[in-house]
Amino acid sequence: VPPRKVVPGRGWRRALYRATFGLINLGPSPEERRLAELEAQIRVPLRGHFKVGVMGKGGVGKTTVSASIGCVFAELRHNDRVVAVDADTAFGKLGSRVDPKAHGSFWELAADRHLETFADIRNRVGSNAAGLFVLAGEATPARRRVLDPAIYREATTRLDRHFTISVIDCSSTMDSPVTHEALRDLDALVVVSSPWVDGAAAAGQTLDWLVAQGLDGLLQRTVVVLNDSDGHAD
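Note that the sequence shown covers residues 1103 to 1336 in my numbering.
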């Protein structure tokens, strides 16, 4: 018995399938098949912990891309916990993008000596409807505390015990000590750039900087994302 052809999920193929009450089934379009392949790759089982860093200069949509990556992982990997970490020392906005009500912070997480279970960690992070958790940064000028590498390391070490995937929203300043600390154990890196000439030049400088820092291995696992933060389709 030949296998039943997959029903198209959208587009004119889907319309034709419904109009003929299923008599004509052309199957998914090439775009649908490609999307299904990408989703299958995202769902591949992971062993251990996986960290993705996101870098880019201010204004290119770095934080939006960080939140989007985290949401995609959280939606497609139901058996894994995913957390987005705001490591931007310049009043990062990741917390407000994922969960505006998130009240935990690096300092409270690092100082709490009674974090035994995920329920304990859960009280220190925010979350959204996609299932993405977030460790927010210091976004309130009235209570300005500067994140340092030691606090970052202690807090993320605690997260590593309970989350399979971490998305690190790095500082827009490459020379930030916290960024250097975050780059130490990344499994992959996303460099966000605008699609314009100056943005592409900045992305190239970031890649050159990685080489200068001796991070050639990470460079091979780096993806450049061209993002039009103005929302222009052209």
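We put the beta carbon where it would ideally sit given N, CA and C, even for glycine.
Between the alpha carbons of L1196 and G1206 lies a gap of roughly 13 Å.
When the beta-carbon positions are compared, L1237 and F1208 come within less than 9 Å of each other. The Cβ atoms of V1108 and A1290 do not sit closer than 9 Å to each other.
With fewer than 16 other CB atoms across the displayed protein chains lying within 10 angstroms of its CB, P1202 is exposed. Per the Cβ contact rule, the segment 1319-1335 is in contact with the segment 1284-1304 (3 or more Cβ pairs under 8 Å). A Cβ-Cβ contact shorter than 9 Å links A1284 with Y1254. The residues T1191, in chain order, have a CB closer than 6 Å to that of S1278 in the same chain once the five nearest residues on each side in sequence are set aside. For S1268, no alpha helix (DSSP H) encloses it; the enclosing beta strand (DSSP E) starts and ends at I1267 to C1272. Around A1304, the same chain offers K1159 and S1295 as residues with beta carbons nearer than 7 Å, after the five sequence neighbours per side are excluded. Assignment of beta-bridge partners to V1325 by DSSP yields V1292. Rounded to the nearest angstrom, the gap between the Cα atoms of P1130 and G1301 is 36 Å. In the structure shown, G1155 adopts extended strand secondary structure according to DSSP, grouped into three states. By the Cβ-count criterion, L1249 is buried, with 16 or more other Cβ atoms from all chains shown falling within 10 Å of its own Cβ. As far as DSSP is concerned, A1257 takes part in no beta bridge. The C-alpha of E1256 lies about 10 Å from the C-alpha of D1262.
Comparing alpha-carbon positions, the option among I1223, R1215 and V1187 lying closest to S1273 turns out to be V1187. G1150 and A1121 have their alpha carbons spaced roughly 48 Å apart. In this structure, the straight-line span from the alpha carbon of A1169 to that of P1132 is close to 28 Å. Contact annotation, A1189 with D1271: C-beta distance approximately 6 Å; criterion of less than 8 Å satisfied.
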